[in-house]
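Below is one structure; the comments refer to it alone.
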Ligand SMILES: Nc1ncnc2c1ncn2[C@@H]1O[C@H](COP(=O)(O)OP(=O)(O)OP(=O)(O)O)[C@@H](O)[C@H]1O
Ligand SMILES: [Mg+2]
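Protein chains in written order, with our numbering: chain P, 6 to 323; chain B, 109 to 402.
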């Protein structure tokens, strides 16, 4: 485009550009493009370098930890007692806490998030959508520490009315609130996936005599499945890594159980606890947070991989 | 080209005159058409009367009246933007899906004389009777089998063997059975474009619609796939009333029995395809057909 323009200009204006003039311009343009390209590359590499840096710190510090504690006992011991005189470092109780709170959160977030997404994408009038969407965004923007105290001071007391001898800290209350906190992520991604389904698909279904409900559940939902599953996987990742809500409301004792009525500690909550200064720097207990962090990171990585596979497996070419 | 069409048309016209002799002709609607009269020998399946359509403030169709003959193929032709799709999509109330669309007039579906456009008539009821095949094949993200079974399932059919039979019959009717017989449970998106379009036809046939609407069904297909769809349309005309929008004059001449020429939202001329192509009454129609314009 530019070249033809300048070419045309060159033809019209007297005297025409010499070959060496044009080459000089080209060289200048190449130089500018090169600089811009480098700047863009620099911006992109910030995120790559950060990730690499984090992995490096986690792995090298974990290496110190694992030279004191065997990987085998880390993975199989059912006790996590870094503060005891004879500390034990079995990740299982923290893992159980993480998975249980996440499960509770997903039981809340997936059905509600999906319902909201279907409603907003297929049923809501534009006016309603304009009102509901900002509220959802607001819900997603509330700091998680606020959610934590909401769980502790509102949700758990309410649950105690239903379940009388429920402890004041428990995974159920924390998980439910965590689910609420995740809803906006699930619903907005799932809604995007459904709205991306082309109108021709809806018309095809309506033309067969289908109702709105039939169209939404039998055609649009399956057509958007890969995007919806990615939304779920993002929700799971957020639940697994979520920290403040569980730190505040689930209790801080490692507890090897999957019973959501009990208090327990998650991997992320343990890291917060240590960061708050209960263990001296350089001790094995302190190093344990890196091993815990590495486990968390590997879990999220695995989820991302699953997400990748799911997206490819269920992608629809409309 | 045109002469072969003429042959077919005239043969068929003679056969009709012999067998039906004008008895089934008028359903008492003949006088409703301003200047456009239904063919005497053939029953009318639907009659459009004084139909106008508005996209917001834009009047896209101006008082259209025309008959749609039963078990015949009616082609809608005309330059781009003249309102062919708008008229076609009125028959199954597709316009109701979008806010801001307005229409006046009636489309009566015979023999029961239901006004398809009556607000009291549920668009879903209308769509159950009138199937539609779109410009771009739009199979659902399901298996081949489930695509064809879709209409039956949403109508509440649960009986496995009934569905099996109807799916098979519909795929046969759409000339697709032999190609997909052994992979009924493969995803429909794995089919070629032409096969997908025939699948969409089968999807409609499974519920035995009274009228089938085609909106430029071959414009996204290669010549071979196009030929097979045209052949199919021609075969289907024994079973179902067909309305087809096409940009392709040869296609209109090949597949249709009646042709409506539209221009800027108006119906310029309606008649037997033979007459429209060989002996158009209006100059504009002739210009369009002979390619001097449009
Ligand atoms: N959704 C819409 N909103 C506003 N105007 C529209 C809309 N759809 C179509 N129109 C206008 O209505 C007129 C008729 O459109 P229509 O799609 O029926 O034409 P067509 O004959 O099918 O054309 P083509 O051969 O290009 O498909 C055109 O002028 C078009 O611009
Ligand atoms: Mg069109």
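Beta carbons are placed, not taken as given, at the ideal position from N, Cα and C, and that holds for glycine.
Which of helix, strand or coil DSSP assigns to residue i
i: residue 349/B; result: strand
i: residue 211/P; result: helix
i: residue 173/B; result: strand
i: residue 84/P; result: coil
i: residue 310/B; result: helix
i: residue 389/B; result: coil
i: residue 212/B; result: strand
i: residue 69/P; result: helix
i: residue 155/B; result: strand
i: residue 162/B; result: strand
i: residue 295/B; result: strand
i: residue 118/B; result: Here residue 118/B scores only 39 on pLDDT, less than 50, and its place in the model should not be relied on; the value that follows carries that caveat. Here residue 118/B sits in helix by DSSP.
i: residue 382/B; result: helix
i: residue 322/B; result: strand
i: residue 200/B; result: coil
i: residue 221/B; result: coil
i: residue 247/P; result: coil
i: residue 229/B; result: coil
i: residue 148/B; result: coil
i: residue 129/B; result: For residue 129/B, the predicted structure reports a pLDDT of 36, less than 50, and the residue's modelled location is therefore unreliable. The matter cannot be settled from this model.
i: residue 167/B; result: strand
i: residue 375/B; result: strand
i: residue 206/B; result: coil
i: residue 181/B; result: strand
i: residue 32/P; result: helix
i: residue 368/B; result: strand
i: residue 305/P; result: helix
i: residue 142/B; result: With a pLDDT of 46 at residue 142/B, under the threshold of 50, the modelled position of this residue cannot be trusted, and the question is left open.
i: residue 192/P; result: helix
i: residue 331/B; result: helix
i: residue 22/P; result: coil
For residue i, the nearest candidate out of the options (CA to CA)
i: residue 296/B; options: 254/B, 365/B and 369/B; result: 254/B
i: residue 162/P; options: 273/P, 46/P, 254/P and 320/P; result: 254/P
i: residue 75/P; options: 317/P, 308/P, 289/P and 304/P; result: 289/P
i: residue 243/P; options: 57/P, 190/P and 38/P; result: 190/P
i: residue 284/P; options: 232/P, 132/P, 231/P and 86/P; result: 86/P
i: residue 301/P; options: 58/P, 91/P, 38/P and 103/P; result: 103/P
i: residue 487/B; options: 304/B, 180/B, 196/B and 178/B; result: Outside the shown range of chain B (109 to 402) lies residue 487/B, about which nothing can therefore be said.
i: residue 279/P; options: 309/P, 267/P, 248/P and 304/P; result: 248/P
i: residue 186/B; options: 324/B, 262/B and 304/B; result: 324/B
i: residue 345/B; options: 355/B, 364/B and 354/B; result: 364/B
i: residue 210/B; options: 292/B, 242/B and 162/B; result: 162/B
i: residue 350/B; options: 357/B, 329/B, 340/B and 358/B; result: 340/B
i: residue 342/B; options: 394/B, 301/B, 283/B and 159/B; result: 283/B
Own chain residues within Cβ distance below 6 angstroms of residue i, not counting five before or after
i: residue 132/B; result: Note on residue 132/B: pLDDT 38, under 50, position unreliable in the model; the coordinate value appears next. Contacts found: 151.
i: residue 326/B; result: 334 and 337
i: residue 82/P; result: 93 and 95
Sequence-distant residues of its chain with Cβ nearer than 7 angstroms to residue i (five each side left out)
i: residue 276/P; result: 294, 297 and 298
i: residue 160/P; result: 178, 181 and 182
i: residue 392/B; result: 371 and 376
i: residue 142/B; result: Low confidence applies here, because residue 142/B scores a pLDDT of 46, under 50, leaving its location unreliable; read the following figure in that light. For residue 142/B, where only same-chain residues beyond five positions count, the Cβ hits under 7 angstroms are 173.
i: residue 66/P; result: 292 and 295
i: residue 271/B; result: 257, 260 and 265
i: residue 122/P; result: 192, 195, 196 and 199
i: residue 110/P; result: 180, 183, 184, 187 and 244
i: residue 117/P; result: 188
Contacts around residue i, its chain only, beta-carbon distance under 8 angstroms, and the 5 residues preceding and following it disregarded
i: residue 147/B; result: 133, 175, 177, 366 and 380
i: residue 35/P; result: none
i: residue 130/B; result: A caution first: residue 130/B carries a pLDDT of 37, below 50, which makes its placement in the model unreliable, though a value can still be read off. Once the five neighbours on either side are set aside, the close Cβ partners of residue 130/B are 148 and 149.
is_contact[residue i, chain C] using C-beta, thresh 9 angstroms
i: residue 388/B; result: This model lacks chain C altogether; the protein chains it does include are P and B.
Just to confirm the assignment: which complete beta strand (DSSP E) runs, minimum length 3, are found wholly within the stretch 158–187 of chain P? none
Touching or not, the stretch 391–399 of chain B and the stretch 215–227 of chain B, by the rule of three or more beta carbon pairs under 8 angstroms? no
Report the start-end ranges of each beta strand (DSSP E) in the stretch 236–277 of chain B that is 3 residues or longer and not cut off at the edges. The qualifying runs are 238–241.
So within the stretch 254–285 of chain P, which uninterrupted beta strand (DSSP E) runs reach at least 3 residues, ignoring any that extend past its ends? none
I want to know whether the stretch 59–68 of chain P touches the stretch 221–240 of chain P - three or more CB-CB distances under 8 angstroms. no
Any contact of the stretch 238–250 of chain B with the stretch 314–333 of chain B, i.e. 3+ C-beta pairs under 8 angstroms? yes
Does the structure place the stretch 223–235 of chain B close enough to the stretch 198–205 of chain B that three or more beta carbon pairs sit under 8 angstroms? When Cβ pairs closer than 8 angstroms are counted between the two stretches, the stretch 198–205 of chain B is seen to touch the stretch 223–235 of chain B, the count reaching three or more.
4-residue-minimum alpha helix (DSSP H) runs that sit fully inside the stretch 88–162 of chain P, ordered along the chain: Counting only runs of 4 or more residues that sit fully inside the stretch 88–162 of chain P, the alpha helix (DSSP H) segments are 97–123, 131–146 and 149–155, in chain order.
Are the stretch 216–230 of chain P and the stretch 125–136 of chain P in contact at 8 angstroms, needing three or more beta carbon pairs? yes
When you compare the stretch 270–287 of chain B with the stretch 304–312 of chain B, are there three or more beta-carbon pairs, one atom per stretch, that lie closer than 8 angstroms? Yes, since at least three Cβ pairs between the stretch 270–287 of chain B and the stretch 304–312 of chain B fall closer than 8 angstroms, the two stretches touch.
Under 8 angstroms: do the stretch 225–236 of chain P and the stretch 301–320 of chain P share three or more Cβ pairs, one atom per stretch? Three or more pairs of CB atoms, one per stretch, sit closer than 8 angstroms, so the stretch 225–236 of chain P contacts the stretch 301–320 of chain P.
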